[in-house]
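Asks:
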Amino acid sequence: MNWQVLNVLIGGIATLAIFSFLIKENSVYRFFEHVFIGIAAGLGVVLSIKEFFWPNVLVPMLGLDILTFPDGTTSHPYNSGYLLYLIPMLVGLLYYFIFSSKYSWLAKIVIGISLGASAGISFKGFFAETIPQLTSSFKPLIVIANGSTDWLASFSNCVFVFTLVSVMVYFLFSFKSESKTISKISVSGRYLMMVCFGAFFGSTVMARMALLVERLDFLINSWVPAITKFF
Amino acid sequence: MKIDLYNIDRRLIYLLVTIAIALPLCFEVSMPPARMKSAELAFKAVDELANDAKNIAFVALDYGPNTFAETGTQTEVIVEHLLRKRIPFALFSIYPQSEPFLNSIPESKAKALMHEMPGQTWEYGKDWINLGYRPAGGLLLQAIPKSEDLGKLFKNDAFGTPLSQLAAFKNVKTLEDIGFLAQFTSLTGTFSSYIQFFQKPGYRPLFVHGCTSITVPEAYIYMDSGQIVGLLEGIAGAAWYSELLRERYPERSIDKARKVNTGLGIAHLVIIALIVMGNLMGLFNQKLRT
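Which chain is which? The protein sequence lines are P and Y, in order. So the first sequence is numbered by the numbering used here: it starts at 2 and just counts up by one. So the second sequence is numbered by the numbering used here: it starts at 1052 and just counts up by one.
(1) List, in chain order, every chain P residue whose beta-carbon is nearer than 8 angstroms to that of Y/L1076.
(2) Of all the residues that make up the region 196-208 of chain P, which are near chain Y by a beta-carbon distance shorter than 9 angstroms?
(3) Nearest to Y/L1134 by alpha carbon, out of Y/L1164, Y/A1270 and Y/T1122?
(4) Check the Cβ-Cβ distances between Y/Y1175 and every residue of chain P, and say whether any is below 8 angstroms.
(5) Taking only beta-carbon atoms, is Y/F1248 less than 8 angstroms away from chain B?
(6) On the CB-based measure, 16 or more other CB atoms within 10 Å of its CB, does P/V160 come out buried or exposed?
(7) Nearest to Y/A1085 by alpha carbon, out of Y/L1295, Y/E1174, Y/A1318 and Y/N1330?
(8) Counting only beta-carbon separations shorter than 8 angstroms, does Y/S1243 have a partner in chain P?
(9) Using CA coordinates, which residue listed in Y/G1123, Y/P1157, Y/L1182 and Y/L1190 is at the minimum distance from Y/E1174?
(10) Ignore the nearest five residues each way along the sequence and tell me which others in P/G190's own chain have a CB closer than 6 angstroms to its CB.
(11) Using a C-beta cutoff of 8 angstroms, does Y/A1309 count as contacting chain P?
(12) Please state the DSSP three-state secondary structure of Y/L1283.
(13) Sorted by chain position, which residues of the same chain lie with C-beta nearer than 8 angstroms to P/V92's C-beta, five sequence neighbours on each side aside?
(14) Should Y/P1139 be labelled buried (16 or more other beta-carbon atoms within 10 Å of its own) or exposed?
(15) Would you list the residues sitting across from Y/F1258 in a DSSP beta bridge?
(16) Tell me the DSSP secondary structure of Y/P1213 in three-state form.
(17) Applying a beta-carbon distance threshold of less than 8 angstroms, which residues of chain P neighbour Y/S1089?
(18) Under a Cβ-count criterion, where at least 16 other Cβ atoms within 10 Å of its own Cβ denotes burial, should Y/C1077 be classed as buried or exposed?
(19) Just the Cα atoms here: how many angstroms apart are Y/F1094 and Y/Y1292?
(20) Determine contact between the region 78-89 of chain P and the region 1217-1234 of chain Y, defined as no fewer than three beta-carbon pairs at a distance below 8 angstroms.
(21) I'd like to confirm the pairing. Which residues does DSSP put opposite P/I145 in its beta bridges?
Put into structure tokens, the structure is as follows:
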């Protein structure tokens, strides 16, 4: 039995164990759930060390990538600039002072740096992401293409603009409006959001079903043949 | 025997849905998928890519096995298209759980193509490279547009080979050398990071996104604003992309995307039937009471 068959066999057993929750809560399901959570958590740590921290930080910093030839020459000189990596590493380690009641203020330095950096990045990212969307929302209500009116595109743009305005009106909580027109627009905004939520719910069902179909395909077309081969 | 439809055992419904989906999978029934315009635009974007020796495509896999049914299938069709067009590409990820797929998907696709076209070869290093999982994804995505030498930024591939030794990455220096970006994820936050940072003033690579069905309504807005040029909407998008590949390359066999999409269609029919039945029963019982 090769590794590939074993992989399929374990995958099938794990899938069935998780599906067993549909019948009722049981210890087999619990066991595999914990295995999955453990693997997911451990994988991130291992890969961060294996694929980033070791080859990109520790290896150059400790000079492990320098080859020494038989004549005593080296592949490249040691770059002491890599030692500067120690500064952010030490600053990062301050986070562990969160467990000390006396020195927990040191952890706040790291938290402050993280918060500041995140806020700055988010600020920049917000504009890069949102401004193109804002500009694209200014759509012509009547679309002229090749000298004639494109009625379908015009209708589509009208629906878009009406939806945008009505939903924004619905979320206008700063002042109370007595106008019946405004309240009707607000109500239509609510209904349009219901349509949107329906689409969200429908697409959620679709995604979940796709996962089920793929798992069943795996069980029927990979796992069952592997089992028959095994026995 | 009296069946209480208000308190029907949910396990019966699970069983019904499972049987309905399993039958077409057992008998390998497959139906042609519906046309998806956004997937068609994604296909067009890849199809029109110039086979320029300087340019490389980036393929970002940011998903785990939990959404492989959708995002994995999408990756397979785009990777296959890139391989068929001989456009070199670099796979990478900022999500640890996708690390195994960075290797398995291009390898299996290259193997299938070599089986389909004996005499032709696709090689690692020349046709594709694996940059591996990269932690601190947000920072990496910001560093890419600023970098003057992407080879120095990424340094090595996932197997420790310096990028300067890999033919596919030899001429890649700046963001402008990345002509195309395909990103697959079920996480809207990760997708947003690419939208926000994978660009520089005056240049953004052609960006195609593959998402799960859950996040389709959120992804559409980026199509409308032109921030992405194509979108694969869940398995339906992958299935239509696969169909377009079959039209372009008739010798291509039916793949997983179409099979899963057929099963999904049947699952939808069963669910719709159950919803209609449930509502009719509700109405009927209400009338009986009054």
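Where a beta carbon is used, it is the ideal one built from N, C-alpha and C, also for glycine.
Replies: On the basis of the supplied data:
(1) V214, L217, D218, I221 and N222
(2) C197, A200, F201, G203, S204, T205, V206, M207 and A208
(3) Y/L1164
(4) no
(5) Considering every chain present, this structure includes no chain B. Its protein chains are P and Y.
(6) exposed
(7) Y/L1295
(8) yes
(9) Y/P1157
(10) S167, V168, V170 and Y171
(11) Contrary to the premise, residue 1309 of chain Y reads as Arg rather than Ala in this sequence. Not one chain P Cβ lies under 8 angstroms of Y/R1309.
(12) strand
(13) I110, V111 and I114
(14) buried
(15) Y/L1232
(16) strand
(17) Under the 8 angstroms cutoff, chain P gives no residues; its nearest Cβ is about 14 angstroms from Y/S1089.
(18) exposed
(19) 6 angstroms
(20) no
(21) P/T150
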